[in-house]
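Engineer:
4 protein chains.
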Amino acid sequence: MKIGVLTGGGDCPGLNAVIRSVVRKGVQEYGFEFVGLRDGWLGALRGTVMPLDIAAVRGILPRGGTILGSSRTNPLKHEDGLRRVQDTLAANGVDALIVIGGEDTLGAATELNRQGVRLVGVPKTIDNDVAGTDYTFGFDTAVGIATEAIDRLHTTAESHMRTLVVEVMGRHSGWIALHAGIAGGANAILVPERPFDVDQVCAWVKNRFKIHYAPIVVAAEGAVPKEGQMILKDRSLDEYGHVRLSGIGEWLAQEIEGRTGTEARTTVLGHVQRGGTPSAFDRWLATRFGLHAVDAVRDGAFGTMVALRGTDIVRVPLDDTRGRIKVVDPSLYDEFEVFFG
Amino acid sequence: MKIGVLTGGGDCPGLNAVIRSVVRKGVQEYGFEFVGLRDGWLGALRGTVMPLDIAAVRGILPRGGTILGSSRTNPLKHEDGLRRVQDTLAANGVDALIVIGGEDTLGAATELNRQGVRLVGVPKTIDNDVAGTDYTFGFDTAVGIATEAIDRLHTTAESHMRTLVVEVMGRHSGWIALHAGIAGGANAILVPERPFDVDQVCAWVKNRFKIHYAPIVVAAEGAVPKEGQMILKDRSLDEYGHVRLSGIGEWLAQEIEGRTGTEARTTVLGHVQRGGTPSAFDRWLATRFGLHAVDAVRDGAFGTMVALRGTDIVRVPLDDTRGRIKVVDPSLYDEFEVFFG
Amino acid sequence: MKIGVLTGGGDCPGLNAVIRSVVRKGVQEYGFEFVGLRDGWLGALRGTVMPLDIAAVRGILPRGGTILGSSRTNPLKHEDGLRRVQDTLAANGVDALIVIGGEDTLGAATELNRQGVRLVGVPKTIDNDVAGTDYTFGFDTAVGIATEAIDRLHTTAESHMRTLVVEVMGRHSGWIALHAGIAGGANAILVPERPFDVDQVCAWVKNRFKIHYAPIVVAAEGAVPKEGQMILKDRSLDEYGHVRLSGIGEWLAQEIEGRTGTEARTTVLGHVQRGGTPSAFDRWLATRFGLHAVDAVRDGAFGTMVALRGTDIVRVPLDDTRGRIKVVDPSLYDEFEVFFG
Amino acid sequence: MKIGVLTGGGDCPGLNAVIRSVVRKGVQEYGFEFVGLRDGWLGALRGTVMPLDIAAVRGILPRGGTILGSSRTNPLKHEDGLRRVQDTLAANGVDALIVIGGEDTLGAATELNRQGVRLVGVPKTIDNDVAGTDYTFGFDTAVGIATEAIDRLHTTAESHMRTLVVEVMGRHSGWIALHAGIAGGANAILVPERPFDVDQVCAWVKNRFKIHYAPIVVAAEGAVPKEGQMILKDRSLDEYGHVRLSGIGEWLAQEIEGRTGTEARTTVLGHVQRGGTPSAFDRWLATRFGLHAVDAVRDGAFGTMVALRGTDIVRVPLDDTRGRIKVVDPSLYDEFEVFFG
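Chains as they are written, first to last, in our numbering: chain E, 38 to 378; chain U, 38 to 378; chain C, 38 to 378; chain W, 38 to 378.
Encoded structure:
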């Protein structure tokens with residue numbers, strides 16, 4: 038049996054660990070052959086492939102990124118997408134695919150599977166918002182990096198008695214913000230799932246200063262203020278003269294300064310959250326996902342993705358997760374309100 | 038209501054995070070008062086207590102160890118133990134206890150609860166072997182430290198083409214060895230749950246050298262060779278002339294050298310695995326355990342301990358976990374055999 | 038003898054290590070007394086002081102920030118500044134000051150010393166640009182954090198085949214950019230000391246893509262393009278309609294995208310570079326600076342600052358360093374040009 | 038011109054960074070060719086070489102260990118050693134060598150150079166005890182790892198109120214012990230340069246307990262007690278019945294327990310100190326050493342080694358450093374005595 042492997046979407050610590058365990062188990066235990074499709078679905082469209090054997094995956098376990106490259110290409114948005122993917126598979130003698138990706142990549146996989154492409158999915162995203170799995174790999178690494186940054190910012194905030202707003206990743210869900218904020222001892226955590234009240238945030242900030250400590254506010258990049266509160270003081274124009282909104286972190290720091298009369302600064306963590314060596318947790322999870330994905334292919338369990346349920350790896354129909362994002366439950370968020378302010 | 042808090046057994050990253058969240062929620066949300074019992078059950082026996090209010094728990098979230106001190110004292114092995122504990126509680130007006138500890142500390146808690154002491158347990162151990170919970174806090178930190186050490190040892194092993202045996206914590210269970218070994222890309226992982234065959238280990242070692250890579254063997258301190266294989270070449274005598282066995286790591290390195298004719302070295306990670314700042318995962322888990330333990334006290338759910346089940350915190354009867362240790366499942370261990378050798 | 042201690046300017050890992058070693062040696066060896074002036078020169082103006090004994094400095098060695106607080110206040114820019122400082126010293130029985138700060142703070146110290154205030158300086162700045170010393174503490178920590186970030190960004194850059202521009206601290210000097218860029222394997226390093234040619238940077242970027250690797254460009258925040266190259270495509274207007282320039286990193290990423298037709302992203306490391314626990318090197322240097330500063334006070338060597346020369350700590354007249362900044366030597370910068378592109 | 042490169046002695050973080058910068062500059066700037074000799078002098082004896090071009094050194098900057106392998110072989114202790122080295126050089130058309138190593142490797146280099154082999158030395162050792170240079174690369178990484186371990190051990194020591202003895206590398210010199218001990222806030226630091234008084238150490242330990250803190254004792258592996266104090270309570274017999282001394286750390290912990298009646302534990306850091314990614318400082322230093330070593334070859338400055346002097350890289354005659362070890366100066370050690378106890 039010959040299996041094609043591809044990684045799609047934003048890169049994520051642990052991708053290489055999945056690739057390695059897929060190949061190690063597939064070759065050593067089942068005698069499968071493998072081929073890598075380059076740059077996600079783009080390689081499937083273009084027919085660009087690379088050899089993928091045990092020598093190719095040596096030493097990649099601790100390395101961030103993906104040796105296969107990635108892209109955000111959706112094959113179904115290209116003319117003849119399905120046919121071109123099928124041609125690539127046929128030309129390379131590929132019997133089945135292992136597709137490692139987030140919402141978008143797996144969404145395309147679901148559709149292609151419906152149209153007859155035999156494949157198994159592996160969920161990945163540092164944002165942790167793929168439905169159907171307790172955690173995705175990459176998330177723990179991102180939370181660790183963000184927490185370490187918050188630890189560092191505490192000391193600089195205290196020394197200058199100013200608020201520090203930390204903008205972390207999470208456009209549609211607040212998992213990184215919530216986990217890193219709680220782990221880092223933040224005084225306010227703002228997530229996309231719950232529009233925030235700027236006045237409440239400022240009250241928390243003032244309260245913190247009152248007891249002679251400096252506030253840390255952690256905001257997911259997708260966090261938004263309550264309706265009516267986004268006053269565009271900080272508007273700026275792009276080259277076409279359109280209003281361009283700066284990030285929520287910068288906006289918030291300005292609001293805090295304006296409304297409380299105390300100093301505030303912003304740090305946008307950005308891409309460092311998704312790079313570098315995966316944490317031990319993510320290496321463990323990614324490795325197990327890879328082992329179980331190969332088993333799923335062997336069992337002909339196409340149209341499923343592997344998922345974490347407690348401490349078990351299970352199979353979940355791709356259809357069940359399609360178009361759904363796993364967001365932060367309100368009751369979980371409320372669990373932590375005692376730490377705000 | 039006044040609650041006593043104690044931490045028992047070996048120290049563990051995350052203890053302070055539990056104490057902090059217990060006090061923050063108890064005081065701010067329910068108006069409880071708190072008192073700390075010093076050095077685990079020892080303080081309960083001796084009546085040594087310390088004040089525990091919000092000021093006392095400020096800034097302790099990222100700090101390893103425990104501000105309350107710890108000990109391995111078992112109150113039930115002291116004459117009048119129960120009465121002395123009850124006296125301490127009465128003398129300090131304590132209505133209920135929150136007991137944070139591992140197997141032994143919670144075992145004593147279970148017995149005291151049967152005899153009428155109102156208490157709620159919080160499981161902790163870096164070894165991850167408390168029954169009834171998916172994970173204990175402290176474990177992720179220990180695995181992270183061990184994995185980073187293994188990462189480092191790979192380069193020195195390769196440079197000198199020698200085997201490195203890494204002895205990690207785990208007297209009764211192989212959780213740290215298995216997780217860190219998989220995350221670190223070990224070529225053999227030895228756990229107490231499965232007596233190992235020295236010849237098999239040496240075959241793996243030789244196989245690894247054959248492809249020009251240097252082997253890493255991860256051994257839990259409680260790992261043992263198959264019956265008959267522990268030949269005491271390395272016996273040494275203690276001051277009374279008794280045979281004293283050196284650790285399994287050292288023994289194994291000698292065996293590998295003797296049986297394969299290749300160089301081997303040992304590193305015993307020791308206490309660094311249990312110290313220092315907790316990982317983000319452990320801070321999150323410890324914080325949630327603390328919040329839910331206070332809720333359990335408020336609800337009068339005495340005789341239970343909080344536990345992780347998937348992503349939920351649940352309550353488990355202390356009686357159910359008593360005297361049981363959570364060991365590595367054989368099928369989980371076998372999942373990874375493709376990586377050995 | 039009673040000594041006042043103050044920390045001024047931006048906070049910097051190692052400040053607490055200096056304070057601790059000053060107090061430990063002063064009290065234990067010479068029987069000096071100490072008092073802390075709060076928030077840099079602001080405390081000297083306002084007379085806000087805090088007790089500073091051995092208990093106060095316990096456990097602060099590994100902690101970032103400063104227990105004394107800091108500010109950018111210049112006492113000489115306040116009416117009656119000198120007199121008010123002298124009043125504070127007199128009111129608290131302070132015989133001499135130890136002033137820990139960068140260019141500005143030490144500049145004020147130099148002037149006050151001329152006017153009769155007895156003081157010894159300790160140079161600090163993460164930027165490493167204080168004249169007269171080989172290194173300042175805080176710099177090594179900042180370089181370490183920036184290097185780790187660059188390590189992480191390599192993997193995400195490779196996975197998506199895009200340029201990553203990393204903006205690091207350094208308004209007037211390129212020390213952090215140069216050290217972190219070399220340590221991180223950057224393909225271009227831009228420093229304030231040498232205006233850069235955007236076309237050259239783009240040529241390097243294209244060259245890197247040619248060999249199928251993704252470029253990392255490290256830019257000090259004070260780096261500037263050659264005259265005429267700053268075309269304001271990315272102009273934006275502040276609330277008064279004035280053109281507001283975004284940071285150099287963002288500008289450069291836009292230029293690279295526009296001129297090469299390849300993707301580019303920016304990460305601004307910001308405040309995380311100045312927070313958190315100091316590196317071992319910085320703790321060592323800060324501790325030695327503190328020990329020698331106390332000796333200088335004991336010796337009556339007022340008007341000097343301690344400095345690192347090779348592996349020795351020496352005394353340098355404050356006057357000699359006044360108004361000078363230590364910039365990157367052109368020949369040092371040129372040493373590394375082989376790595377560009 | 039064709040240059041051979043070899044790395045000898047114990048591996049050390051930064052070796053690959055030297056190799057990379059040697060090859061990058063040699064090839065790109067001077068058009069030199071390179072060849073790697075495998076496993077130190079062993080490869081020179083056996084004629085085992087590997088190609089060394091720009092592709093071979095890609096991506097190795099952050100990697101610990103050495104891609105060339107290493108050994109402790111001394112060519113001059115082999116019959117015909119000189120001739121065999123010369124034959125290897127001739128057979129591969131090698132005009133000159135760059136020899137990266139510590140005391141022993143450079144000692145052999147000095148002798149070979151006297152006998153006509155054209156070579157330039159690069160000092161390396163995590164121990165920092167090569168004479169003639171302010172620092173060697175690898176040392177800063179080792180100190181950083183040891184300091185982080187001490188940070189971790191503080192919390193476990195405090196929680197159990199026991200002494201922790203940390204044994205670090207340093208057979209002949211106490212540099213790692215001194216730097217890491219000071220950076221880690223140790224209460225006693227024991228170095229080979231100064232035989233220690235066990236009673237003094239125990240007095241320090243007791244003093245520390247008196248103020249309710251737990252002592253950390255850092256001991257270089259080569260530290261020895263004063264004459265007469267090594268009472269062999271802990272003797273053990275090796276397989277031939279000879280007395281075998283356990284390490285100084287273990288011995289000391291036993292003495293402290295016996296003499297003070299308080300608990301003590303030992304951690305032997307071992308090989309983790311020499312593995313893994315080099316610190317930013319070491320990558321910087323190693324890279325500069327490499328660049329300057331190539332310049333020395335181009336200039337025909339054979340018989341020299343590159344060295345750090347302040348912030349400059351200089352050339353030092355190999356003869357000057359031969360047979361000398363750089364030990365810790367007594368006055369430097371005494372600088373820190375205020376922190377003991």
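Built from N, CA and C at the ideal position, the CB exists for glycine as well.
Between the segment 294 to 315 of chain U and chain W, which residues of the former have CB atoms less than 7 Å from a CB of the latter, in chain order?
Structural biologist: R302, T304, V305, G307, H308, V309, R311, G312, G313
Engineer: Check whether chain U comes within 8 Å of E:Q237, counting only Cβ atoms and requiring the distance to be less than that.
Structural biologist: By one-based count along the first sequence, residue 237 of chain E stands at place 200. Chain U contact via Cβ: absent.
Engineer: Is it buried or exposed, C:S58, if we count other Cβ atoms within 10 angstroms and call 16 or more buried?
Structural biologist: The residue given as residue 58 of chain C occupies position 21 in the third sequence. With 16 or more other Cβ atoms within 10 Å, it is buried.
Engineer: Which first and last residues belong to the alpha helix (DSSP H) in which W:D236 is found?
Structural biologist: Position 199 of the fourth sequence, counting from 1, holds the residue named residue 236 of chain W. Run containing W:D236: 235 to 247, per the alpha helix (DSSP H) assignment.
Engineer: Just the C-alpha distance for W:V55 and W:G221, rounded to the nearest angstrom, thanks.
Structural biologist: Translated into positions along the fourth sequence, residue 55 of chain W becomes position 18. Translated into positions along the fourth sequence, residue 221 of chain W becomes position 184. So the alpha carbons of these two residues sit roughly 29 Å apart.
Engineer: Candidates C:A257, C:V242, C:R296: which alpha carbon is nearest C:Q266's?
Structural biologist: Taking the first residue of the third sequence as position 1, residue 266 of chain C is located at position 229. Here the closest residue by C-alpha is C:R296.
Engineer: Assuming U:A344 and U:V157 are in contact, meaning their beta carbons sit under 8 Å apart, how far apart are those beta carbons, in whole angstroms?
Structural biologist: Within the second sequence, the letter at position 307 stands for residue 344 of chain U. Within the second sequence, the letter at position 120 stands for residue 157 of chain U. Actually they are not in contact, since the Cβ atoms of U:A344 and U:V157 sit about 12 Å apart, beyond 8 Å.
Engineer: Could you tell me whether the Cβ of W:L79 comes closer than 8 Å to any Cβ of chain C?
Structural biologist: By one-based count along the fourth sequence, residue 79 of chain W stands at place 42. Cβ-Cβ to chain C under 8 Å: no for W:L79.
Engineer: Is the Cβ of E:T358 closer than 8 Å to any Cβ of chain U?
Structural biologist: The sequence position of residue 358 of chain E within the first sequence is 321, counting from 1. Closer than 8 Å: no.
Engineer: Grab me the residues of W:R335's own chain with a C-beta within less than 6 Å of its C-beta, minus the 5 sequence neighbours each way, in chain order.
Structural biologist: Residue numbering aside, residue 335 of chain W sits at position 298 when the fourth sequence is read from its first letter. Around W:R335: Y67.
Engineer: Look up E:K363 in the DSSP assignment and say whether it is helix, strand or coil.
Structural biologist: Position 326 of the first sequence, counting from 1, holds the residue named residue 363 of chain E. Coil.
Engineer: Less than 8 Å separating the beta-carbons of W:S108 and W:D76?
Structural biologist: As a working mapping, residue 108 of chain W is identified with position 71 in the fourth sequence. As a working mapping, residue 76 of chain W is identified with position 39 in the fourth sequence. Against a cut-off of 8 Å, the Cβ pair of W:D76 and W:S108 comes out as a contact.
Engineer: Just to confirm, is the Cβ distance from C:P160 to C:M342 under 8 Å?
Structural biologist: The residue labelled residue 160 of chain C in the question sits at position 123 within the third sequence. The residue labelled residue 342 of chain C in the question sits at position 305 within the third sequence. The answer is yes: Cβ separation under 8 Å.
Engineer: So U:R155 packs on U:A133, CB below 8 Å; how close in whole Å?
Structural biologist: For the purposes of this step, residue 155 of chain U is identified with residue 118 of the second sequence, where counting begins at 1. For the purposes of this step, residue 133 of chain U is identified with residue 96 of the second sequence, where counting begins at 1. Contact holds; Cβ gap of about 4 Å.
Engineer: How many whole angstroms separate the CB atoms of E:E292 and E:H197, which I take to be in contact at a CB cut-off of 8 Å?
Structural biologist: By 1-based counting over the first sequence, the position of residue 292 of chain E is 255. By 1-based counting over the first sequence, the position of residue 197 of chain E is 160. With a Cβ gap of about 19 Å, E:E292 and E:H197 do not count as contacting.
Engineer: Which chain U residues sit within Cβ distance under 9 Å of E:A260?
Structural biologist: The count along the first sequence starts at 1 and reaches residue 260 of chain E at position 223. Per Cβ cutoff of 9 Å: no residues; E:A260 is ~19 Å from chain U at best.
Engineer: Could you tell me which residues DSSP puts in a beta bridge with W:R352?
Structural biologist: Locating residue 352 of chain W in the fourth sequence gives position 315, where the first residue counts as 1. For W:R352, which the question treats as bridged, DSSP gives the partners W:V343.
Engineer: Where does the unbroken beta strand (DSSP E) through W:A260 begin, and where does it stop?
Structural biologist: The residue labelled residue 260 of chain W in the question sits at position 223 within the fourth sequence. First-last for W:A260: undefined, no H or E at that position.
Engineer: Closer than 6 Å by C-beta to C:G118: which residues in its own chain qualify, once you throw out the five before and the five after it? Chain order, please.
Structural biologist: Reading the third sequence from its first residue, position 81 is the one you call residue 118 of chain C. Apart from the 5 residues on each side of it in sequence, C:G118 sits with its Cβ closer than 6 Å to the Cβ of P112 in its chain, given in chain order.
Engineer: Within 10 angstroms of the Cβ of U:K270, are there 16 or more other Cβ atoms? Answer buried if so, exposed if not.
Structural biologist: Numbered from its first residue, the second sequence carries residue 270 of chain U at position 233. Unreliable placement is indicated for U:K270, whose pLDDT of 47 sits below 50; the coordinate value is still reported in the next sentence. U:K270 should be labelled exposed.
Engineer: 8 Å is my cut-off, CB to CB: does C:A186 come that close to chain E?
Structural biologist: Locating residue 186 of chain C in the third sequence gives position 149, where the first residue counts as 1. Yes - at least one Cβ of chain E is within 8 Å of the one on C:A186.
Engineer: Please name the residues in the segment 88 to 122 of chain U whose beta-carbon is closer than 7 Å to at least one beta-carbon of chain E, in chain order.
Structural biologist: L98, P99
Engineer: So which residues on chain E does U:R346 lean against when the C-beta distance must stay under 7 Å?
Structural biologist: Numbered from its first residue, the second sequence carries residue 346 of chain U at position 309. Those are G347, listed as they occur along chain E.
Engineer: Taking DSSP as the reference, what is the three-state secondary structure of C:T358?
Structural biologist: Within the third sequence, numbered from 1, the residue matching residue 358 of chain C stands at position 321. Helix at C:T358.
Engineer: Using DSSP's beta-bridge definition, name the partner residues of E:A225.
Structural biologist: On the first sequence, position 188 is the one that residue 225 of chain E refers to. DSSP lists E:V254 as partners of E:A225.
Engineer: List the endpoints of the continuous beta strand (DSSP E) containing U:A133.
Structural biologist: Walking along the second sequence from the start, residue 133 of chain U turns up at place 96. Where U:A133 is concerned, the enclosing beta strand (DSSP E) stretches over 133 to 138.
Engineer: For C:G139 and C:G45, I'd like the C-alpha separation in whole angstroms.
Structural biologist: Within the third sequence, residue 139 of chain C is the residue found at index 102, counting from 1. Within the third sequence, residue 45 of chain C is the residue found at index 8, counting from 1. Those two C-alpha atoms are separated by around 7 Å.
Engineer: Using a Cβ cut-off of 8 Å, pull out every chain E residue sitting near U:D177, in sequence order please.
Structural biologist: Translated into the one-based positions of the second sequence, residue 177 of chain U becomes position 140. Neighbours of U:D177 on chain E, chain order: A317, F318.
Engineer: What did DSSP end up calling C:L306 once you bin it into helix, strand or coil?
Structural biologist: Working through the third sequence from its first residue, we reach residue 306 of chain C at position 269. Coil, per DSSP.
Engineer: Tell whether a beta-carbon distance below 8 Å holds between U:C49 and U:T162.
Structural biologist: Within the second sequence, the letter at position 12 stands for residue 49 of chain U. Within the second sequence, the letter at position 125 stands for residue 162 of chain U. Closer than 8 Å, so yes.
Engineer: Just how far apart, CA to CA, sit E:I213 and W:Y172?
Structural biologist: The count along the first sequence starts at 1 and reaches residue 213 of chain E at position 176. The count along the fourth sequence starts at 1 and reaches residue 172 of chain W at position 135. So the alpha carbons of these two residues sit roughly 41 Å apart.
Engineer: Since U:I40 is in the alpha helix (DSSP H), which residue starts that stretch and which ends it?
Structural biologist: Working through the second sequence from its first residue, we reach residue 40 of chain U at position 3. Note, U:I40: premise wrong, no alpha helix (DSSP H); beta strand (DSSP E) at 39 to 44.
Engineer: Counting only Cβ-Cβ distances shorter than 7 Å, please list the residues of the segment 51 to 66 of chain C near chain W, keeping chain order.
Structural biologist: R61, K62, Q65, E66
Engineer: Where do the ends of the beta strand (DSSP E) carrying C:T200 lie?
Structural biologist: On the third sequence, position 163 is the one that residue 200 of chain C refers to. Secondary structure note for C:T200: its beta strand (DSSP E) is the uninterrupted segment 200 to 205.
Engineer: Consult DSSP for W:P88 and reduce its assignment to one of helix, strand or coil.
Structural biologist: Position 51 of the fourth sequence holds residue 88 of chain W. Residue state, collapsed to three classes: strand.
Engineer: Threshold first: 4 residues or longer. Then list the alpha helix (DSSP H) segments lying entirely within the segment 103 to 154 of chain E, N to C.
Structural biologist: Uninterrupted alpha helix (DSSP H) stretches at least 4 residues long and entirely within the segment 103 to 154 of chain E occur at 118 to 128, 140 to 151, given in chain order.
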